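Asks: This is the structure I want to talk about, given as structure tokens.
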Amino acid sequence: MVPDTIIIGAGPAGLFCAIHAATAGCHVLVLEKNEEPGAKLLLAGTGQCNLTHDGDIRKFALRYGDHGKFIRPALMSFPNKNLMDFFHKRGLAMVTEENGKVFPVTRKSSDVLAVLLAECMKQGVTIRCNEPVTGIVRAGDSFTVTTVSASYQAGTVVITTGGASYPQCGTTGDGYRLAGSLGQPVTEIAPALAPLLIRPFPFASLSGISFEGMHFSVWRGGKKVSDYTGDVLFTHLGLSGPGILDASRGIMPGDIVRLSFAGPMRRDEFTTELIQRAAENPGWQIGTILAKYPIPERLNRKLLQLSGIPDDLTCAHFSAEKRSALIANCTEFPLVVTALGEFKIAMATRGGVALDGVNSKTMESKIVPGLFFAGEVLDIDGDTGGYNLQAAFSTGYLAAEGIRKRQGHTGS
Ligand SMILES: Cc1cc2nc3c(=O)[nH]c(=O)nc-3n(C[C@H](O)[C@H](O)[C@H](O)COP(=O)(O)OP(=O)(O)OC[C@H]3O[C@@H](n4cnc5c(N)ncnc54)[C@H](O)[C@@H]3O)c2cc1C
424 MVPDTIIIGA GPAGLFCAIH AATAGCHVLV LEKNEEPGAK LLLAGTGQCN
474 LTHDGDIRKF ALRYGDHGKF IRPALMSFPN KNLMDFFHKR GLAMVTEENG
524 KVFPVTRKSS DVLAVLLAEC MKQGVTIRCN EPVTGIVRAG DSFTVTTVSA
574 SYQAGTVVIT TGGASYPQCG TTGDGYRLAG SLGQPVTEIA PALAPLLIRP
624 FPFASLSGIS FEGMHFSVWR GGKKVSDYTG DVLFTHLGLS GPGILDASRG
674 IMPGDIVRLS FAGPMRRDEF TTELIQRAAE NPGWQIGTIL AKYPIPERLN
724 RKLLQLSGIP DDLTCAHFSA EKRSALIANC TEFPLVVTAL GEFKIAMATR
774 GGVALDGVNS KTMESKIVPG LFFAGEVLDI DGDTGGYNLQ AAFSTGYLAA
824 EGIRKRQGHT GS
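Using the numbering used here, the first residue of the sequence shown is number 424, and each one after it goes up by one.
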């Protein structure tokens, strides 16, 4: 079979585009660099695959920073409910967590991939693995796509090579080079959804402790830039967890992240309460007062130590100086960001194929007719919570629709 459409990269965006283009009557060839398709999908959600989010699709666009406007047509053309229907109809039961995250009931990414591969097979999609694409040339109305072992021709090409994070998955930024070689503008790229590296990190010995719904703020040049609430995890190198990963889009090296261990309480409320408790219980150790807050015991001791307070100091001997040190550390503990995690540990890529060079209603290049893009190769990165996979599926679907219209297929 001679393909009319070549898709480069067998991740969720490429496979979903292949399924829908083939369903519409296209002859589709998918070229994948790795031995097997879907390497990154298999890692998603620590192997459990947070497929999408159950929230109102009209509010999804807010989850992609400044680029929500571009992705809106894709999301509306194939929303989260359609995605869940797609998998449900093919036998994959799903569960929605209280926070809206949707997972397969089996908690196995491999089950999600299996549905996609079975559907590709059913629709007659050819997938060739071990075929890293090294070049694309356009001559007349057709493209010649070269891999390490062969070359192929087609009238339509879709680049779905993903980003540059987790390069061990095959995602080494090839799509940016391929797009750039055809004259497609590509932005600077950087790691996104990245943990924060803090050197020295005073809580390194507490690595593994996590905080649900922690309040934290980000400061730059002495001014507060933003406030956040989200789950935070101490690692041995700094901060991670969904709240930090989502906030990382707006954080730069040199910024100060101030953590509140006192829950939603403001500094003045915490101060009043602490002073009152200390006055009412002069014989208590300071650590006993801290234990009244959602502060784990090991952190309790660490905060005392960092505030210069001996473990056995009682409230009767709690000096004003020590008190203000403890209050500052409990409500606004300052951590200077040394760096954001590198590509090898970031969950997504910021930047990519520039959005002003792509038609948001078809995913076709505005510069090279017949060239399409979908998934993370585009300059789109979403929050944690299923938003990145939904973006890959929705843009993959919309690209297939764009191809169908361009090739004049009616669909089946
Ligand atoms: C550890 C981890 C956990 C994640 N968990 C979640 C989650 O739970 N929920 C969520 O929504 N998102 C999650 N993400 C993000 C999500 O996995 C990605 O956004 C999504 O996989 C992007 O899909 P894609 O199809 O665009 O690209 P990818 O899935 O990256 O697929 C691109 C494919 O293209 C291939 N390729 C690259 N270059 C070439 C070439 N030259 N020739 C041929 N093939 C090539 C690659 O080998 C790869 O198979 C996670 C990411 C990571 C790293």
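Every residue gets a Cβ at the ideal spot worked out from N, C-alpha and C, and that includes glycine. These figures come from a predicted structure and were not determined experimentally.
1. Just checking, does the region 474–485 make contact with the region 444–457 on the three C-beta pairs under 8 Å criterion?
2. For the region 580–663, which segments carrying the alpha helix (DSSP H) assignment without a break, of at least 4 residues, lie completely within its bounds, in sequence order?
3. Note down, in chain order, each residue of its chain lying with its Cβ closer than 6 Å to the Cβ of LEU682, except the 5 sequence neighbours on either side.
4. Short of 6 Å in beta carbon distance, which residues of its chain neighbour LEU758, apart from the five on each side in sequence? Order them along the chain.
5. With a floor of 4 residues, list each alpha helix (DSSP H) that falls wholly inside the region 653–735, ordered by position along the chain.
6. Could you check whether the Cβ of LEU485 sits closer than 7 Å to any heavy atom belonging to ligand 1?
7. Please report the straight-line C-alpha distance between LEU778 and PRO435, rounded to a whole angstrom.
8. Helix, strand or coil for LEU821? Go by DSSP, reduced to three states.
9. Among the residues of its own chain, which have a CB less than 8 Å from the CB of ARG513, if the five just before and after it don't count?
10. Consult DSSP for THR519 and reduce its assignment to one of helix, strand or coil.
11. DSSP on GLN830, reduced to helix/strand/coil?
12. Take the Cβ of LYS524 as the centre, count every other Cβ of all protein chains shown within 10 Å, and call the residue buried at 16 or more, exposed below.
13. Between the Cα of LEU668 and those of SER628, ALA615, ILE712, SER630, spot the shortest distance and give me the residue it belongs to.
14. On a CA-only basis, which of LEU498, ILE632, GLY593, GLY644 is nearest SER663? Give me that one, please.
15. Please classify MET544: is it buried, with 16 or more other beta-carbons within 10 angstroms of its beta-carbon, or exposed?
16. DSSP three-state label for VAL800, please.
17. Can you give me the C-alpha to C-alpha distance between GLU841 and TYR820, rounded to a whole angstrom?
18. Within the continuous beta strand (DSSP E) that includes SER565, where are the two ends?
19. Helix, strand or coil, according to DSSP, for ALA762 in the structure here?
20. Mind checking which residues open and close the beta strand (DSSP E) that includes PRO527?
21. Could you tell me whether any non-hydrogen atom of ligand 1 is closer than 7 Å to the CB of ILE480?
22. Look at the alpha carbon of VAL425 and the alpha carbon of ARG551, and state the distance between them as a whole number of angstroms.
23. Please return the same chain residues whose Cβ sits closer than 7 Å to the Cβ of TRP364, not counting the five positions on each side in sequence.
24. Check whether chain C comes within 8 Å of ALA467, counting only Cβ atoms and requiring the distance to be less than that.
25. Suppose contacts are defined by Cβ-Cβ distances below 8 Å. Is ASP734 in contact with LEU726 by that definition?
26. For SER783, name the three-state secondary structure that DSSP assigns.
27. Any idea which residues DSSP pairs THR807 with across the strands?
28. From which residue to which residue does the beta strand (DSSP E) around ILE550 run?
29. Since GLN576 sits in a beta bridge, which residues does DSSP pair it with?
30. Output yes or no for whether 8 Å exceeds the beta carbon distance between THR579 and GLY585.
Replies: Looking at the coordinates:
1. no
2. Taking only runs of at least 4 residues, the alpha helix (DSSP H) segments lying wholly in the region 580–663 are 597–604.
3. Only residues of its own chain outside the window of five on either side were considered, and among them PHE639, PHE756 have a CB closer than 6 Å to the CB of LEU682, listed in chain order.
4. ILE621, VAL680
5. 665–670, 690–703, 709–713, 720–729
6. no
7. 20 Å
8. In the structure shown, LEU821 falls within a helical segment according to DSSP collapsed to helix, strand and coil.
9. The beta carbon of ARG513 sits closer than 8 Å to those of VAL538, ALA541, GLU542, all from its chain and outside the five residues before and after it, given in chain order.
10. strand
11. helix
12. Buried, since its Cβ has 16 or more Cβ neighbours within 10 Å.
13. ALA615
14. ILE632
15. With fewer than 16 other Cβ atoms within 10 Å, it is exposed.
16. Note: VAL800 maps to helix in three-state DSSP.
17. Residue 841 is absent from the model: the chain starts at 424 and stops at 835.
18. 565–570
19. Strand, per DSSP.
20. 524–527
21. no
22. 14 Å
23. Here the chain has residues from 424 to 835 only, and residue 364 is not among them.
24. Any reference to chain C falls outside this structure, which holds one protein chain only.
25. no
26. coil
27. DSSP, once it has assigned bridges, lists no residue as partnering THR807.
28. Secondary structure note for ILE550: its beta strand (DSSP E) is the uninterrupted segment 549–551.
29. THR567
30. Result no, Cβ atoms of THR579 and GLY585 do not sit closer than 8 Å.
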